[in-house]
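Here the structure is laid out as C-alpha cells; the discussion comes afterwards.
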Amino acid sequence: MQIIDGKQVAQRFRGELKKRIDILAGKGIVPGLSVILVGNDPASASYVKGKEKACLELGMHSDNLHLPQDLSQEKLISIIEEKNADPRIHGILVQLPLPSHINEEAVIMAIDYRKDVDGFHPVNIGRMVIGKETFLPCTPHGILVLLKSAGIPVAGSHVVVVGRSNIVGKPVANMLVQKNGLGNATVTVCHTGTKDLAHHTRQADIIIAAAGKAGMITADMVAEGAVVIDVGVNRVDDPTKKRGYRLVGDVDFDQVAPKTSFITPVPGGVGPMTITMLMSNTVESAERSIKE
Ligand SMILES: NC(=O)c1ccc[n+]([C@@H]2O[C@H](COP(=O)([O-])OP(=O)(O)OC[C@H]3O[C@@H](n4cnc5c(N)ncnc54)[C@H](OP(=O)(O)O)[C@@H]3O)[C@@H](O)[C@H]2O)c1
C-alpha cells in the first residue's frame, strides 16, 4: 500500500506553475485572482485565506474582498461586473455557499466565463462535457492530476465515483470518460438512489469517495489492490483537539488502507490539489489574455 502525498504533488505542480508565472512577469503580466467572500462563515473564511496565501507565495496578484452578510444580490453582481472589466484580474471566484437571500446561479452566470477559474459557469461545464479546452473544475482536476502523478493507469480502468454533486461527482465522472490523456476510463456514478452501493464499489479498480459522510467507505466495500481517492472533508468531535474537532475523510482509512494499492489521506490528499488547480487556471487565464 502506498499513500499518495497530495502536499508533495501540489508542491511539484506549483514549481512548474512558478516557471510560467516568471515567463508572464517577463512580459509585464502578473496573474490576478479576485476572491469574493460574502458573510462570516468560518470554513469559507479559512478557504479564502488559503487561496490568498497560495497567490502570494507564487508571486500572483491577490484581490480579496470580504463583504457583509446582508449585501444585496444586485450589489454583488455589480462588483463582479467591475472585476470582469478589470484587466489586472484574470480569475474571479465567489466563495460558496452564499447567504440564502442571494441566488448562486445568478451570481455564477454574472462572472465572465473567460475569468471563471472555478470552472462552474455553464459555458465552461458545457465545454468540459464536449471535450473542448476550458477551465476544468479544481477538485476534479486535482484528483486526475494526483492519479497521473502516482502513475496509476486510469485509461481502461473501472472507476466508481460515490457522489454526484455539481462540484465534485458529476464533473470528475465527466472528465474520466473523456477520450484524452487524463481519462478514457469506464465510470459508474453512485448516489443515495443507488441500490447496494458496496456491490458497485467492490467492482472498482479506482474508488473516488465524494459523499461527505465520515468513514462511510469500509473495508468490505473495497477490492484487494484497489486505488482509493478520498475527497471527503468531515468534522468529527474530538475533545483532545484544541478546536474540539478533527477532519476525517469519507473512507475508514485505518481499515481500508491495508487492502489498497494506493490511497489518499485526509487531510493532505486531495485538499492541497484543489487550491493548486485554482492557481493553475488563473495562470492559464493570464496566458490566454496575451493570445487574445
Ligand atoms: N478536498 C477538497 O478540496 C474538497 C472540495 C470539495 C468538496 N470536498 C468534500 O467532499 C465531500 C463531498 O462534497 P460535495 O460538495 O460533492 O457534497 P454534496 O453536494 O453534499 O454531495 C454529496 C453527494 O454524495 C451522495 N451521497 C451522500 N451520502 C451518500 C450515501 N450514503 N451513499 C451514496 N451516496 C451518498 C449524495 O447523493 P444525492 O445526490 O443522492 O443526495 C450527493 O450526490 C464533502 O465532504 C466536502 O467537504 C472536498
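Numbering (this note's numbering), first residue to last: 4 to 295.
The C-beta atom is built at its ideal place from N, Cα and C for all residues, glycine as well.
Distances from the CB of leucine 99 to the heavy atoms of ligand 1 are all 7 Å or more. The secondary-structure analysis by DSSP pairs cysteine 58 with nothing; it has no beta-bridge partner.
Contact check for valine 12 and leucine 149: beta-carbon distance about 6 Å, within the 8 Å limit, so the pair qualifies.
No heavy atom of ligand 1 is found nearer than 7 Å to the CB of methionine 178.
Sequence-distant partners of valine 192 (beyond 5 residues in either direction) whose C-beta falls short of 7 Å from its own C-beta, in its chain, are Val164, Arg167, Gly172, Ala176.
DSSP assignment within the segment 126-208 yields the following whole beta strand (DSSP E) runs of 3 residues or more, N-terminal first: 161-165, 189-193. In the DSSP secondary-structure assignment, isoleucine 95 is bridged to Ser37. Taking C-beta atoms as the reference points, serine 288 and valine 132 fail to come closer than 8 Å. For leucine 20, the secondary structure class from DSSP, reduced to helix, strand or coil, is helix. Remark: C-beta atoms of glycine 272 and isoleucine 7 approach each other more closely than 8 Å.
A direct Cα-Cα distance of roughly 9 Å separates histidine 64 from glutamate 55. DSSP places phenylalanine 265 in the strand class (E or B) of the three-state scheme. Serine 103 carries a coil assignment under DSSP once its states are collapsed to helix, strand and coil.
Within 7 Å of the C-beta of histidine 203 there is not a single heavy atom belonging to ligand 1.
In this structure, methionine 219 has its beta carbon less than 7 Å from a heavy atom of ligand 1.
The Cβ atoms of leucine 79 and valine 110 lie closer than 8 Å to each other.
Rounded to whole angstroms, the gap between the alpha carbons of glutamine 5 and leucine 179 is 22 Å. Judged by DSSP secondary structure, asparagine 237 falls within the beta strand (DSSP E) whose first and last residues are 237-240. By the neighbour-count criterion, in which a residue is buried when 16 or more other Cβ atoms sit within 10 angstroms of its Cβ, isoleucine 105 is buried. One alpha carbon belongs to glycine 18, the other to alanine 46, and they sit about 27 Å apart.
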